[in-house]
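S.K.:
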Amino acid sequence: MMLDMVKTKNKMVPVLRFPGFQGEWKVVRLKDISSLITKGTTPKYFSKSGVNYVKIESLEGININIQKCLFIDEKVHFKDLKRSILEKNDVLFAIAGATIGKLGIVTKEILPANTNQALAIIRLRNPQILNFTLQILQSRVMNKYIYQSISVGAQPNLNLQQIGDFKFFLPTLPEQQKIAHFLTAIDTKIQQLTQKKALLEAYKKGVMQQIFKQEIRFRDEGGKAFPDWEERKFGEVFNFLSTNSFSRSLLNYEEGQVKNIHYGDIHTKFKSNLDLNKEQVPYVNADVDLSKISQKNFCQEGDLIIADASEDYNDIGKAIEVRNLNGERLIAGLHTHLVRDKGKQTVPGFKGYLLQSHFVRLQIMKLATGISVLGISKTNLSKVNLILPCLREQQKIVKFLTSLDEKTDRVFISLEDLQTFKKGLLQKMFV
Numbered sequence: 001m002m003l004d005m006v007k008t009k010n011k012m013v014p015v016l017r018f019p020g021f022q023g024e025w026k027v028v029r030l031k032d033i034s035s036l037i038t039k040g041t042t043p044k045y046f047s048k049s050g051v052n053y054v055k056i057e058s059l060e061g062i063n064i065n066i067q068k069c070l071f072i073d074e075k076v077h078f079k080d081l082k083r084s085i086l087e088k089n090d091v092l093f094a095i096a097g098a099t100i101g102k103l104g105i106v107t108k109e110i111l112p113a114n115t116n117q118a119l120a121i122i123r124l125r126n127p128q129i130l131n132f133t134l135q136i137l138q139s140r141v142m143n144k145y146i147y148q149s150i151s152v153g154a155q156p157n158l159n160l161q162q163i164g165d166f167k168f169f170l171p172t173l174p175e176q177q178k179i180a181h182f183l184t185a186i187d188t189k190i191q192q193l194t195q196k197k198a199l200l201e202a203y204k205k206g207v208m209q210q211i212f213k214q215e216i217r218f219r220d221e222g223g224k225a226f227p228d229w230e231e232r233k234f235g236e237v238f239n240f241l242s243t244n245s246f247s248r249s250l251l252n253y254e255e256g257q258v259k260n261i262h263y264g265d266i267h268t269k270f271k272s273n274l275d276l277n278k279e280q281v282p283y284v285n286a287d288v289d290l291s292k293i294s295q296k297n298f299c300q301e302g303d304l305i306i307a308d309a310s311e312d313y314n315d316i317g318k319a320i321e322v323r324n325l326n327g328e329r330l331i332a333g334l335h336t337h338l339v340r341d342k343g344k345q346t347v348p349g350f351k352g353y354l355l356q357s358h359f360v361r362l363q364i365m366k367l368a369t370g371i372s373v374l375g376i377s378k379t380n381l382s383k384v385n386l387i388l389p390c391l392r393e394q395q396k397i398v399k400f401l402t403s404l405d406e407k408t409d410r411v412f413i414s415l416e417d418l419q420t421f422k423k424g425l426l427q428k429m430f431v
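Mapping the sequence shown onto the UniProt record's numbering, position 257 (from 1) lands on 257, and the numbers just tick up by one.
1) From the DSSP output, in three-state form, read off T402 for me.
2) Where does L81 sit, in a helix, a strand or coil, going by DSSP?
3) Label A120 either buried or exposed according to how many other C-beta atoms from any shown protein chain fall within 10 Å of its C-beta, with 16 as the threshold for buried.
4) Just tell me which of A113, Q161, L103 and L158 has its CA closest to the CA of I136.
5) Using only the alpha-carbon positions, how far apart do Q394 and P227 sit?
6) I want to know whether the segment 255-266 touches the segment 325-343 - three or more CB-CB distances under 8 Å.
7) Can you tell me whether DSSP reads R17 as helix, strand or coil?
8) Among K144, R29, T42 and F71, which residue has its Cα nearest to the Cα of K48?
9) For A96, which beta-bridge partners are listed by DSSP?
10) List the residues that DSSP assigns as beta-bridge partners of D341.
11) Could you tell me how far apart the beta carbons of C69 and V54 are, in whole angstroms, since I believe they sit closer than 8 Å?
12) Is the beta carbon of S245 sitting closer than 8 Å to the one on I320?
13) To the nearest angstrom, report how far apart K296 and P389 are at their CA atoms.
14) Pull up the distance between the alpha-carbon of L16 and that of L381, whole angstroms please.
15) Which partner residues of I320 appear in the DSSP bridge assignment?
16) Just the C-alpha distance for K399 and E311, rounded to the nearest angstrom, thanks.
17) Relative to the C-alpha of N116, which candidate in K292, I376, I56 and F238 has its C-alpha closest?
18) Between residue 436 and Q67, what straight-line distance do the alpha-carbon atoms span, to the nearest angstrom?
19) I190 to F421, Cα distance in whole Å?
20) For the beta strand (DSSP E) containing F246, name the first residue and the last one.
21) When DSSP labels each residue in this structure, what does D4 get in the three-state scheme?
22) Within the same chain, show all residues whose beta-carbon is closer than 6 Å to that of L276, passing over the 5 residues directly before and after it, in chain order.
23) So, with DSSP's three-state summary, where would you put F166?
24) Can you say whether Y353 is buried or exposed, counting buried as having 16 or more other CB atoms within 10 angstroms of its CB?
25) Considering Cα atoms alone, identify which of L170, F18 and P112 is closest to L30.
26) So, V13 versus F168, is the Cβ gap smaller than 8 Å?
27) Alpha carbon to alpha carbon, what distance is there between D417 and I129?
28) Just the C-alpha distance for M5 and Q22, rounded to the nearest angstrom, thanks.
29) Have a look at R232 and E255 and give me their C-alpha separation to the nearest angstrom.
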């Protein structure tokens, strides 16, 4: 499908345009093409079953996850909340909170349904322009409007008048349909890749549970079973080394001689096996004194770095294993434990998966202390029970799980590339 570059000087036409279309686009407000723009409210009570009640959390992509809906009874639906009874092809648009602009489309599968005051209901006069309108509402034009219009306070929000007053340029219906068909095809591919990534992650999670429960066992090249796994305490397998307390303000991504792992990055961006060739790790600023850090406290290949603080039980004690240092100088930073294998009881890559296993994670969560901020001490970590296979079976496990990670990474890269491609198109295909 070809797209033409168009000269747009003093003309209301996009930079990229399909062949065969001419003329300027007309300006409209969202309320001009809508028969209804309203919002819901919160009922006095919810039910265990009944009519689906859609929240922002129910929106996934432009779909509504029925498993994440609440329920209200029919009396509340038809009487108390009759203003916000949803219909097929209604557009739901988040107007409050951190996810302003999040979209959902109402399908017949979700009906009967209702919604709350955090979601605007946009009902278009002509269902034929639905797909084009969805693309407009996801474009930089709308993002810019949101940024300029939101009220800043405890919770940012847009009001219904602002939603209705949103201006954009509209082509003829045939051109709308051409654009929408093209971009919807890209959205479908994005959704397929997103689902594929989620399925791979779920498969790996399930397989890991089976491996570390020893429900799945590997055999040697001759088909012979490996020895039984051996029980060890964490403190019997690993030594603790010193870490630093450098804050984020003492780090940068441009230049330096020594890299530093901040605990926040363990929580938000790093995988269980940290490949220094692939991940962007910040440097310590040049004016920071590193003379007191002894050589043994610089990270070595296969070291574990464990986040010792978190506000979330699911993240406390989250760990990464250092891989592919390739001569880089790396230190473990604020709110981390640096851990090293005492006597080569593990193979490279195995520790990251071991600390990610359900069996180990449950123990760490139980041993964590604190109320608003959770912590895991060296003493408590040392108590964690581990079950170790022999080194040769560890190698088999690492090879298998690494292959799953690589498959997931390839899907993720394809997904990111396609999302970037679509973002570029949205910037050039709309006025």
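Heads up, the beta-carbon is just placed ideally off N, CA and C, and yes, glycines get one too. For clarity, every value in this text was computed on a predicted model and none was experimentally measured.
M.R.: Answer, in terms of the structure:
1) In this structure, T402 counts as helix in the three-state DSSP scheme.
2) DSSP places L81 in coil when its eight states are reduced to three.
3) Buried, since its Cβ has 16 or more Cβ neighbours within 10 Å.
4) For I136, the nearest C-alpha among the options comes from L103.
5) C-alpha separation (whole angstroms): 12 Å.
6) With the cut-off at 8 Å, the segment 255-266 and the segment 325-343 touch.
7) If DSSP states are grouped into helix, strand and coil, R17 belongs with the strands.
8) Of K144, R29, T42 and F71, the residue nearest in Cα terms is F71.
9) Answer is N157.
10) Note: D341 sits in a beta bridge opposite F238.
11) Between the beta-carbon of C69 and that of V54 there is about 6 Å, and that keeps the pair under the 8 Å contact cut.
12) Taking C-beta atoms as the reference points, S245 and I320 fail to come closer than 8 Å.
13) The straight-line gap separating the alpha-carbon atoms of K296 and P389 is approximately 28 Å.
14) The C-alpha of L381 is placed about 58 Å away from the C-alpha of L16.
15) I320 is bridged to I305.
16) Roughly 33 Å between the two C-alpha positions.
17) Among K292, I376, I56 and F238, the Cα nearest to that of N116 is on I56.
18) Here the chain comprises residues numbered 1 to 431, so residue 436 is not present and cannot be evaluated.
19) I190 and F421 have their C-alpha atoms some 11 Å from each other.
20) The continuous stretches of beta strand (DSSP E) do not include F246, and DSSP gives it neither H nor E.
21) Any reading at D4 must be qualified, since the residue scores a pLDDT of 48, below 50, and its modelled position is unreliable; no value is offered.
22) Contacts found: N324, L325 and E328.
23) In this structure, F166 counts as coil in the three-state DSSP scheme.
24) Here Y353 is buried. Its C-beta has 16 or more other C-beta atoms within 10 Å.
25) Of the candidates L170, F18 and P112, the one whose C-alpha sits nearest the C-alpha of L30 is L170.
26) In this structure, F168 does not lie closer than 8 Å to V13 by Cβ.
27) If I take the Cα positions, the gap works out to 28 Å.
28) With a pLDDT of only 42 at M5, under 50, the local geometry of the prediction cannot be trusted, and no value is derived from it.
29) When rounded, the distance between both Cα atoms is 41 Å.
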